[in-house]
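Q:
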Amino acid sequence: EAGVTQSPTHLIKTRGQQVTLRCSPISGHTSVYWYQQALGLGLQFLLWYDEGEERNRGNFPPRFSGRQFPNYSSELNVNALELEDSALYLCASSLGTGNQPQHFGDGTRLSIL
Amino acid sequence: AQTVTQSQPEMSVQEAETVTLSCTYDTSESDYYLFWYKQPPSRQMILVIRQEAYKQQNATENRFSVNFQKAAKSFSLKISDSQLGDAAMYFCGGPRGSTLGRLYFGRGTQLTVWP
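Taken in order, these protein sequences are the chains called A and B. Using the working numbering, you'd call the opening residue of the first sequence number 1 and step up by one each time. Using the working numbering, you'd call the opening residue of the second sequence number 114 and step up by one each time.
1) Can you check DSSP and say which residues form a bridge with B/GLN169?
2) Starting from B/GLN157, find everything on chain A with Cβ-Cβ shorter than 8 angstroms and list it in chain order.
3) Mapping DSSP to helix, strand and coil, what is B/GLY198?
4) Would you call the stretch 74-93 of chain A in contact with the stretch 8-27 of chain A, where contact means no fewer than 3 C-beta pairs closer than 8 angstroms?
5) Using the beta-carbon of each residue, which ones in chain D are nearer than 7 angstroms to A/SER27?
6) Less than 8 angstroms between the beta carbons of B/GLY221 and B/GLN119, yes or no?
7) Using a Cβ-Cβ cutoff of 9 angstroms, what residues of the stretch 131-150 of chain B are near chain A? List them in chain order.
8) Please list the terminal residues of the continuous beta strand (DSSP E) segment that includes B/ARG176.
9) If the criterion is Cβ atoms closer than 8 angstroms, does the pair B/LEU190 and B/GLY206 meet it?
10) Between the stretch 184-206 of chain B and chain A, which residues of the former have CB atoms less than 7 angstroms from a CB of the latter, in chain order?
11) Assign B/LYS168 to buried or exposed, taking buried as 16 or more other Cβ atoms, counted over all protein chains shown, within 10 Å of its Cβ.
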């Protein structure tokens, strides 16, 4: 069974640019989560999608947005990139909530110059 | 509000010895789940073990076990017979109730295993 896949693996952008990160969940998983892991800050929750709807949002500015497609894959968009957006962006998926664990992808390393 | 705190930024252990990583949390939920993940340098987050709050019995997965103290809101991870491959960043995650999707994570504990 394929795990959570994320693309691209690594991205380099400059301030002010826009970026789109992609995530394909494990087959059968309907929930997708996005986390930002900046150096020394642990994992910060960004967004949660389930059945195509945004269910919860972390404390991030509106320039962080996303969506979930009918096949449950997801995109994370970041506009007007700032230096502090440099981080590892992790996507996770789960069968549902509660006791179902989240399974993580390998992440996309975003570097802002 | 839900919070998760890992008070040990770094820990080290000799190979074959036992080490315990601490985690405390806060929640107003009565039924929830807690998780430990490890993140090796390859950066993928790997589920180590999970605990259901309504279960009194502590979860065990091979060399990994938890000490879950619900009243104290404590959820520590014990690694027995430590191996070099256990070296990683360990994150405590939760508490996750039946209606909560997101996980709250601590800042992590970097575990070093010495030969």
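C-beta atoms are modelled at their ideal positions from N, C-alpha and C, and glycine is treated no differently.
A: Answer, in terms of the structure:
1) Answer by DSSP bridge pairing: none, since B/GLN169 is not bridged.
2) PHE104, GLY105, ASP106, GLY107
3) helix
4) yes
5) Absent from the structure is chain D; the protein chains it does hold are A and B.
6) yes
7) ASP144, TYR145, TYR146, PHE148, TYR150
8) No beta strand (DSSP E) contains B/ARG176, which DSSP labels as neither H nor E.
9) no
10) PHE204
11) exposed
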